[in-house]
Amino acid sequence: MDGPGFSFSRSALDVPDLARALADPACGALVGFEGRVRDHNEGRHVERLEYEGYEELGLKEGARIIAEALERFDIAHARCVHRLGLLALGDIAVWVGVSAHHRGEAFAACRYIIDEVKDRVPIWKKEHYADGDSGWINCEVRSEAPPP
Amino acid sequence: MARIRVEYFAVLRERAGRASEQVDTAAATTGELFRELEARHGFPRLPSLKVAVNAEFADWNRRLVDGDCVVFIPPVAGG
Numbered sequence: 264m265d266g267p268g269f270s271f272s273r274s275a276l277d278v279p280d281l282a283r284a285l286a287d288p289a290c291g292a293l294v295g296f297e298g299r300v301r302d303h304n305e306g307r308h309v310e311r312l313e314y315e316g317y318e319e320l321g322l323k324e325g326a327r328i329i330a331e332a333l334e335r336f337d338i339a340h341a342r343c344v345h346r347l348g349l350l351a352l353g354d355i356a357v358w359v360g361v362s363a364h365h366r367g368e369a370f371a372a373c374r375y376i377i378d379e380v381k382d383r384v385p386i387w388k389k390e391h392y393a394d395g396d397s398g399w400i401n402c403e404v405r406s407e408a409p410p411p
Numbered sequence: 010m011a012r013i014r015v016e017y018f019a020v021l022r023e024r025a026g027r028a029s030e031q032v033d034t035a036a037a038t039t040g041e042l043f044r045e046l047e048a049r050h051g052f053p054r055l056p057s058l059k060v061a062v063n064a065e066f067a068d069w070n071r072r073l074v075d076g077d078c079v080v081f082i083p084p085v086a087g088g
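The listed protein sequences correspond, in order, to chains A and B.
Note that the numbering used here gives residue 390 to position 127 of the first sequence, counting from 1, and the numbers run on in steps of one.
Note that the numbering used here gives residue 40 to position 31 of the second sequence, counting from 1, and the numbers run on in steps of one.
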């Protein structure tokens, strides 16, 4: 696979194209995760989202996460792309793809990458609500706790 | 005095009303610089604020050198 393991995109993600780049005749599993823009948070109706990134550090931290995944799990290839800019409901905000010989390691690595990206990469999300209000998640507005 | 470039993102960019600025400061560390700019711009209290110097994560005791680029990192929310 060529190119960086982690990147940002200001335009819509072409998932089939991203997945094709992970294809490998030795791999029986390709796991992909799509993070999509949801229409609600903390009981409020979300109309659109804005992502801002500190790209210089984000690219380095994202690449470190991909390298960690390749070291910790028995996988062949891994890739993550995160959108920046204005997104509409249903748009794909982040995509993670992992190919491996077997599915177990591919699922585990995919989970590891999305969890670490959400936790460590300097990306910020501003939600714009139906009532005209807006706020930065985790700074001005709480994030809805994920189910256990 | 050191001349430091400071870049702001997200909620801090909006509160500061700018994406970056040059600051001439007597602050010796990243922590002291933040307290100075927090008072100047009226930044909100943020849990788990981090800091980067020259595009690498740093700690709040990192000593500042003339020409450093400092970025304060509010709680992230990717994904």
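Beta carbons: idealized from backbone N, C-alpha and C, even for Gly.
- Query: Along chain B, in chain order, which residues have C-beta atoms closer than 7 Å to that of A/W387?
  - Reply: Residue numbering aside, residue 387 of chain A sits at position 124 when the first sequence is read from its first letter. Chain-ordered, the chain B residues with CB closer than 7 Å to the CB of A/W387 read F18, A19, P83, V85, A86.
- What's the gap between the Cα of B/N70 and the Cα of A/R327? For the purposes of this step, residue 70 of chain B is taken as residue 61 along the second sequence, with counting starting at 1. For the purposes of this step, residue 327 of chain A is taken as residue 64 along the first sequence, with counting starting at 1. In this model, B/N70 and A/R327 are separated by some 24 Å (Cα to Cα).
- Query: So is B/V62 in contact with chain A if we call contact Cβ pairs under 8 Å?
  - Reply: Numbered from 1 along the second sequence, position 53 holds the residue referred to as residue 62 of chain B. By this cut-off, B/V62 is not an interface position.
- Task: Run the CB neighbour count on A/P288, radius 10 Å, all protein chains shown included, and call it buried at 16 or more, exposed below.
- Result: As a working note, residue 288 of chain A is residue 25 in the first sequence. The residue is exposed, with fewer than 16 neighbouring Cβ atoms inside 10 Å.
- In terms of DSSP beta bridges, what is B/V85 paired with? Taking the first residue of the second sequence as position 1, residue 85 of chain B is located at position 76. Per DSSP, none; premise fails for B/V85.
- Near-chain B residues of the region 342-355 of chain A (beta-carbon distance less than 7 Å), N- to C-terminal order: Those would be H345, in chain order.
- Taking C-beta to C-beta, are B/R22 and B/P53 nearer than 8 Å? Taking the first residue of the second sequence as 1, we reach residue 22 of chain B at position 13. Taking the first residue of the second sequence as 1, we reach residue 53 of chain B at position 44. Contact flag unset, no.
- How big is the Cα-Cα spacing for A/L276 and A/K381? Along the first sequence, one-based indexing puts residue 276 of chain A at 13. Along the first sequence, one-based indexing puts residue 381 of chain A at 118. Answer to the nearest angstrom: the Cα atoms are 18 Å apart.
- Separation of A/G298 from A/F271, as counted between CA atoms: Numbered from its first residue, the first sequence carries residue 271 of chain A at position 8. Numbered from its first residue, the first sequence carries residue 298 of chain A at position 35. A/F271 and A/G298: Cα-Cα distance of roughly 14 Å.
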